[in-house]
Amino acid sequence: MTDLAQLVPYGEALSRYEPVIGLETHVELGTATKMFCGCPTTFGLEPNSAVCPVCLGLPGSLPVANRAAIEFTIRIGLALNCSIASWCRFARKNYFYPDMPKDFQISQYDEPLCTDGWLDVEVDGRAFRVGIERVHLEEDTGKSLHMGGATGRIHGADYSLVDYNRAGIPLVEVVTKPVAGTGVLAPEAARAYVTELRDLLRCLGVSDVRMEEGSLRCDVNTSLAPRDAADWGTRTETKNVNSLRSVERAVRFEIARQAAVLDAGQKVVQETRHFHEDSGSTTGGRSKEEAQDYRYFPEPDLVPVAPARDWVEQIRASLPELPAARRARLQADWGLSGAEMTHLSNAGAVDLVSATVEAGASPAEARKWWLGELARRANESGAELSQLAITPAHVARVSVMVRAGTLNDQLARQVLEGVLAGEGDPDAVAEARGLAIVSDEGALAEAVDAAIAANPDVAAKVRDGKTAAAGALVGAVMKATRGRADAARARELILERLS
Amino acid sequence: MAVMSITRAEVAHLARLSRLALTDAELDHFAGQLDQIIGAVARVQEVAAEGIPPMTHAVPVVNVLRDDVVAGCLTPEQALSGAPATEQGRFRVPRILAED
Ligand SMILES: [Zn+2]
């Protein structure tokens, strides 16, 4: 257990030590059925209702690999610039743990389907190329509830309850090569990599990549070595880091912790560590229990996979425009700077802005609403932009209404608020709330006259040529019309009358 | 008899990984048996000369794949019918890790 008080402040740790990171990301594929049987992969079903003799490991059952899962894995490999094996086998990974009823997991060991690729990521305007060691295919495990004990965790539990609906869902593991040279940006680089990988996987249509539902899970490796050292330090592996923010925090914490260990003249222990979401810290695992001998051997119940070269080329030809290429194209189309595009991307707004532009808004209008009012509201409620109860078509409609002069920005914000509150589409909200600029010249003139009459001192100043004072009268008109007046037209009318 | 190709300690380690509680007498017994089996299998290596590609499967077939189409499952009742203990529609299993 690390004493939190003994952590070395992050900046100080980085002044003396150089980090190397590595990431292992597990992705549940979005196939309709499991990896080796026809059970559905639907999330949230009644426990043990999507199981069969194969995924329960009943005697005599035989697995057959899912063609779509192999194709999805090749898609991922190609998009990550990997080589695709011309022949490879599944392997049996033996371990005794009730999350796999067979007492082994079918995985790939020394013959992964895809090897040796890369993914470019950008952090603070700096580009890093993250090497991809391998992309392999395996099956997910069941889910356990740990009962008894105080914490609901595995340690101290009296017994466990297992649901095998998830057991056998195709799982792809993407393993990076060690990433060196990120220096102080290591935590951000780790997060940027997972973000880019998530966007890539979503774009490929191979997974719904929902970290909160566990369809994307990360293990984060971190090591630290003195700046002048020739070799890298001993790495720790932090398991099950399940949000983008946690990826960043886990690396940051491990750097601070390992720096303290090294400062004290001790050695970093190579071990599995657990990340704690609440404190952002990691604690040591039990290497005695977990450094198991998995006794891998080629899976005798499955024949080798030998993807035909023309099939691989067909898959390559069918790849969609990938996120990095798409960002470059949109940046040029929309006339944005690199920093503006990165901001948009980091805000998770590229798709939303793109769809809003397609629905009729200008790029500037779409960016203004998504990065302004809507980002503020998402931030307030702790949601992602894409989770807001508003569509790109709604935002485009509001933009068009502003452009047409039926709404000003202030009214538009009220319309957006109404849409978010579930009051209907922008037209319905504007109608129901009476939100439209007063275009009736007579009504506006009345409001202007009333404002002048109610503020004789101000009116006198304007008459004396202090036209800046007209702002107060415009304000009074806006107040009287509850923001529905066209401020520019009101100002014209005021100046006409007081000239 | 020649030097054992598998030691008693290795058999004990394998037994632990396999969650098998073996007595000392059983360890002696199985170590001897396993040694014979390994010896027999090792003779294959004498045949596996250069130029003979390693065989990985009894049948020379690749790409036995199925379409991604949902097939029938068991009901939860059927799935749990052989379980020694169940609770909340789940398999109830003994404590997984010992106390610290
Ligand atoms: Zn099944």
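Top line first, the protein sequences correspond to chains A and B.
Sequential numbering from 2 applies to the first sequence in my numbering.
Sequential numbering from 18 applies to the second sequence in my numbering.
Just so it is clear, CB atoms sit at the ideal spot from N, CA and C, and this is done for glycine as well.
{"Item": "Ranges of the beta strand (DSSP E) found wholly within the stretch 34 to 97 of chain A, counting only runs of at least 3", "Value": "92 to 95"}
{"Item": "Rounded separation between N87 (chain A) and A422 (chain A) - CA only", "Value": "This sequence places Ser at residue 87 (chain A); Asn is not what is there. So the two alpha carbons sit approximately 54 Å from each other."}
{"Item": "Buried versus exposed, by CB contacts within 10 Å (16 or more), Q62 (chain B)", "Value": "exposed"}
{"Item": "Endpoints, the beta strand (DSSP E) within which P111 (chain B) is located", "Value": "107 to 111"}
{"Item": "Proximal residues to E424 (chain A) (C-beta, below 8 Å), its chain only, five neighbours per side dropped", "Value": "V430, A433, R434"}
{"Item": "Any C-beta of chain B under 8 Å from that of K289 (chain A)", "Value": "Because the pLDDT at K289 (chain A) is just 44, under 50, the model does not fix this residue reliably, and the point stays unresolved."}
{"Item": "Heavy atom of ligand 1 within 7 Å of K103 (chain A) beta-carbon", "Value": "no"}
{"Item": "CB contact check: T482 (chain A) to chain B, cutoff 8 Å", "Value": "no"}
{"Item": "Candidates A:S224, A:V173, A:D220, of which the one nearest A187 (chain A) by Cα", "Value": "A:S224"}
{"Item": "Neighbour flag for D294 (chain A) against chain B, beta carbons, 8 Å", "Value": "yes"}
{"Item": "Interface residues of the stretch 31 to 52 of chain B facing chain A [CB-CB below 9 Å]", "Value": "L31, L34, S35, R36"}
{"Item": "Rounded C-alpha distance that separates A491 (chain A) from A350 (chain A)", "Value": "36 Å"}
{"Item": "Within 8 Å, strictly: CB atoms of E278 (chain A) and A191 (chain A)", "Value": "no"}
{"Item": "Environment of R93 (chain A) [buried if 16+ CB atoms lie within 10 Å]", "Value": "buried"}
{"Item": "Helix, strand or coil at S145 (chain A) according to DSSP, with G and I counted as helix", "Value": "strand"}
{"Item": "Cutoff 8 Å; reference L202 (chain A); Cβ partners in own chain excluding five residues on either side", "Value": "V28, I77, S208, V210, L217"}
{"Item": "For S22 (chain B) and F47 (chain B), the rounded distance between their alpha carbons", "Value": "13 Å"}
{"Item": "Meets three-Cβ-pair contact criterion under 8 Å: the stretch 392 to 405 of chain A and the stretch 352 to 366 of chain A", "Value": "yes"}
{"Item": "Contact residues within the stretch 60 to 79 of chain B, judged by C-beta distance below 8 Å to chain A", "Value": "T73, H74, V76, V78, V79"}
{"Item": "Same chain, Cβ closer than 6 Å to M402 (chain A), neighbours up to 5 away in sequence not counted", "Value": "L408"}
{"Item": "Chain A within 8 Å of R25 (chain B), Cβ atoms only", "Value": "no"}
{"Item": "Any heavy atom of ligand 1 nearer than 5 Å to the CB - residues listed", "Value": "A:C38, A:C40, A:C53, A:V55, A:C56"}
{"Item": "Minimum Cβ-Cβ distance from T407 (chain A) to chain B less than 8 Å", "Value": "no"}
{"Item": "Counterpart residues of A102 (chain B) in DSSP-defined beta bridges", "Value": "A102 (chain B) pairs with nothing; no bridge assigned."}
{"Item": "Under 9 Å by beta carbon: chain B residues contacting C115 (chain A)", "Value": "Chain B residues near C115 (chain A): none, gap ~17 Å exceeds 9 Å."}
{"Item": "E67 (chain B) burial status per 10 Å Cβ neighbour count (16 or more: buried)", "Value": "exposed"}
{"Item": "Pair within 8 Å by beta-carbon distance, I85 (chain A) and P308 (chain A)", "Value": "yes"}
{"Item": "Residue environment, W370 (chain A), which counts as buried when at least 16 other CB atoms sit within 10 Å", "Value": "buried"}
{"Item": "Among A:L30, A:D302, A:T26, nearest to A75 (chain B) - alpha-carbon criterion", "Value": "A:D302"}
{"Item": "Buried/exposed call for A292 (chain A), threshold 16 Cβ in 10 Å", "Value": "Reliability fails at A292 (chain A), whose pLDDT of 45 lies under 50, so the model's placement of it is uncertain and no value is given."}
{"Item": "Chain A contact for A29 (chain B) (CB, 8 Å cutoff)", "Value": "no"}
{"Item": "Local conformation of P18 (chain A) per DSSP, three classes", "Value": "Here residue 18 (chain A) is Tyr; the residue named in the question, Pro, does not match the sequence. In this structure, Y18 (chain A) counts as strand in the three-state DSSP scheme."}
{"Item": "Interface flag, V58 (chain B) vs chain A, CB-CB below 8 Å", "Value": "no"}
{"Item": "Interface positions of the stretch 49 to 63 of chain A facing chain B (Cβ-Cβ less than 7 Å), listed along the chain", "Value": "N49, S50, A51, V52, C53, L57"}
{"Item": "Any non-hydrogen atom of ligand 2 closer than 7 Å to V269 (chain A) Cβ", "Value": "Ligands in the displayed structure: ligand 1; ligand 2 is not one of them."}
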